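Chains A and B, in that order, give the protein sequences. Going by my numbering, the first residue of the first sequence is number 31, and it counts up by one from there. Going by my numbering, the first residue of the second sequence is number 31, and it counts up by one from there. Every residue, glycine too, gets a C-beta built ideally from N, C-alpha and C. Please read these numbers as outputs of a predicted model, since none were measured by experiment. Input: a single structure, listed below in structure tokens.
2 protein chains.
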Amino acid sequence: MNDNKINVSIVEDIDDIRNALRVLIDGSPGFECVHVYADAEDALRDMSSKDIDIVLMDIGLPGMDGIECMKILKPEMPKTQFMMCTVYDDDDHIFNALKTGASGYILKRTSPAQILEAIHDLYEGGSPMSSEIARRVVESMHKSEKRSEAVELLTPRENEILDFLARGYLYKEIAAKLFISKETVKKHIHSIYDKLHVQNRTEALNKAFPR
Amino acid sequence: MNDNKINVSIVEDIDDIRNALRVLIDGSPGFECVHVYADAEDALRDMSSKDIDIVLMDIGLPGMDGIECMKILKPEMPKTQFMMCTVYDDDDHIFNALKTGASGYILKRTSPAQILEAIHDLYEGGSPMSSEIARRVVESMHKSEKRSEAVELLTPRENEILDFLARGYLYKEIAAKLFISKETVKKHIHSIYDKLHVQNRTEALNKAFPR
DNA sequence: TAAAAAATATACCAAAAGGGTTATTGCAGT
DNA sequence: ACTGCAATAACCCTTTTGGTATATTTTTTA
């Protein structure tokens, strides 16, 4: 709605926190709090028709939680960015929120100045999160390294071919890409299955790249 | 090695940058630069025998790159944390580094004060990265949401069968599990491929469950 | 209640995948 | 010089997969 200010909406059930956030945002130049909602149902009814830059979304709400709420709202408001603002700092909530579309994740104990900074940062295309939250996210990526366990058994050539397998290529397509015969591809794949103790492509991929 | 200071090693091929980092770290109370290396091979030869808290690792090195180097060193130095310090800000390098075990990722244009802050932050268990880098990481998580896109096109029965496909079951095994004929399984799978616009199992799984 | 969608099943056919065997070449380490 | 491993390739064979078409029954929904 408004000229050059960052339009913010808040979904937060606790009156004191909601009001404090509103006061903080409205009292800061460059920011405007255009709507506040006390629960997910309220937000769903009203929010998608508005033009909002940033939504500050609590997770623990009465009834539908903030992640579910965002899941529904996000497709209707593609330009709006969601920042979770919550007391939960466990992996489940963090990953769920981020996977469902949150672009930022801050904890309620964040200082007012940092909250404003985070909103601004999000508006500018960043993903504000504390460095502990970032560590959780990064740690979760390390895991997809399970590959190595399987992969170290395989020769470089076999790994190369495994990558093609993962993309759904046919034997003959792999052969063409690598300038070798289809039979050789088959041989390599047989060795891969052998080493991974599996019988087919899908099982191999599940072992090599757990989802 | 040293009492209460944070021990840092540097792997960086450009003399000026390497020296500047060393001076910065040694000149700051609470930090000590214990080793510097000009390339990956040098670091591999020497580093794992030392007791190092943080490694500042460049990616673009002559010969072996910094990610490969870390991949080898990491298992030998489980207590050491790696921070990539590089000019590359593309997704490939970022994800590769983080998946391979980096806990922090900063760009070379980061200010000296922020570099020190990042090292300290990493030492305290955080994952320092600029908020643009964080955004890339978060964006990569949004994708796992693709399942719903695909899944909503499919009937409940088709989804059920998709799950079996994902586990590598044969048609006849799925048929036995569901007490239907193999031909019916085939029909369902054909509909799945049709709706997802794919030609085979692996492509279907990649669409439905991006890794 | 009528139409649409989903689940069930068969038949025919071609392509692809996978198991087993054997063999040659080149390269690394002993 | 010998050994072992990796990469290459060919052969035979069976099973699995996927395309197309057609048809019946059940369930959902307009």
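Where do the ends of the alpha helix (DSSP H) carrying residue i lie?
i         : result
HIS65(A)  : Element bounds for HIS65(A): not the alpha helix (DSSP H) but the beta strand (DSSP E), 61-67.
SER221(A) : 212-226
PHE209(B) : Element bounds for PHE209(B): n/a, residue is neither H nor E.
GLY155(B) : No alpha helix (DSSP H) contains GLY155(B), which DSSP labels as neither H nor E.
LEU128(A) : 121-130
ILE102(A) : 96-106
GLU182(A) : That residue, GLU182(A), is in no alpha helix (DSSP H); it is neither H nor E in DSSP.
ILE163(B) : 161-172
In angstroms, rounded to a whole number, what distance separates the CA positions of residue i and residue j?
i         : j         : result
ASP69(B)  : GLU98(B)  : 12 Å
ILE136(A) : MET113(A) : 7 Å
SER58(A)  : GLU42(A)  : 20 Å
GLY198(A) : LEU200(B) : 17 Å
ASP121(B) : GLY134(B) : 15 Å
ALA143(B) : ALA132(B) : 21 Å
ASP56(A)  : CYS63(A)  : 6 Å
MET171(A) : SER170(B) : 11 Å
SER79(B)  : ASP95(B)  : 20 Å
LEU51(B)  : TYR67(B)  : 12 Å
PRO108(A) : GLU154(B) : 37 Å
ASP83(B)  : LEU54(A)  : 40 Å
ILE47(A)  : ASP151(B) : 29 Å
GLU188(A) : HIS218(A) : 6 Å
ALA73(B)  : ILE36(B)  : 19 Å
GLU190(B) : LYS202(B) : 15 Å
ASP224(B) : ALA148(B) : 50 Å
ASP193(A) : THR214(A) : 16 Å
LEU128(B) : SER39(A)  : 33 Å
ILE145(A) : ASN236(B) : 38 Å
THR110(B) : ILE163(A) : 20 Å
GLU106(A) : VAL85(A)  : 13 Å
ASP222(A) : PHE209(B) : According to the sequence as given, residue 222(A) is Ile; it is not Asp. Roughly 33 Å separates the two Cα atoms.
LEU195(B) : LYS216(B) : 11 Å
HIS65(A)  : GLY90(A)  : 19 Å
GLU233(B) : VAL181(A) : 22 Å
GLU71(B)  : GLY93(B)  : 8 Å
Exposed or buried, what is residue i when buried is set at 16 or more other beta-carbons lying within 10 Å of its beta-carbon?
i         : result
PRO158(B) : buried
HIS12(A)  : Examination of residue 12(A) is not possible in this model, given that chain A is present from 31 through 241 alone.
ASP88(A)  : buried
ASN49(B)  : exposed
GLN229(B) : exposed
MET31(A)  : Because the pLDDT of MET31(A) is 49, which lies under 50, any placement of that residue in the model is unreliable, and the number read from its coordinates should be weighed accordingly. So MET31(A) ends up on the exposed side.
PRO240(A) : exposed
VAL117(B) : exposed
SER141(B) : exposed
ASP81(B)  : exposed
PHE61(A)  : buried
LYS104(A) : buried
ALA206(A) : exposed
SER161(B) : buried
THR185(A) : exposed
GLY156(B) : buried
LYS101(B) : buried
HIS123(B) : buried
ILE44(A)  : exposed
ARG231(B) : buried
ARG75(A)  : exposed
ARG165(B) : buried
Grab the span of the beta strand (DSSP E) containing residue i for me, first residue to last.
i         : result
GLY134(B) : 134-137
GLN111(B) : 111-116
Quickly, what does DSSP pair residue i with across the bridge? List them, please.
i         : result
VAL41(A)  : TYR67(A), MET87(A)
PHE239(A) : Partner(s): none; PHE239(A) has no beta bridge.
ILE36(A)  : PHE61(A)
Is residue i near the ligand ADP, going by C-beta to nearest heavy atom under 8 Å?
i         : result
TYR118(A) : In the structure on display, the ligand ADP does not appear, and there are no ligands present to speak of.
(request) Return the residues of the region 199-214 of chain B that lie within a Cβ-Cβ distance of less than 9 Å from chain A, sorted by chain order. (result) TYR199, LEU200
(request) Pull out every residue of the region 117-144 of chain A whose Cβ sits closer than 9 Å to any Cβ of chain B, in chain order. (result) PHE125, LEU128, LYS129, THR130, GLY131, ALA132, SER133, GLY134, TYR135
(request) Note down, in chain order, all residues in the region 151-175 of chain A with a beta-carbon under 7 Å from any beta-carbon belonging to chain B. (result) ASP151, GLY155, GLY156, SER157, PRO158, MET159, SER161, GLU162, ALA164, ARG165, VAL167, VAL168, MET171, HIS172, SER174, GLU175
(message) What are the residues in the region 217-233 of chain A lying within 7 Å of chain B by C-beta distance?
(response) ASN230, ARG231, THR232, GLU233
(message) Can you pull out the residues from the region 37-65 of chain A whose beta carbon lies closer than 7 Å to at least one beta carbon of chain B?
(response) none
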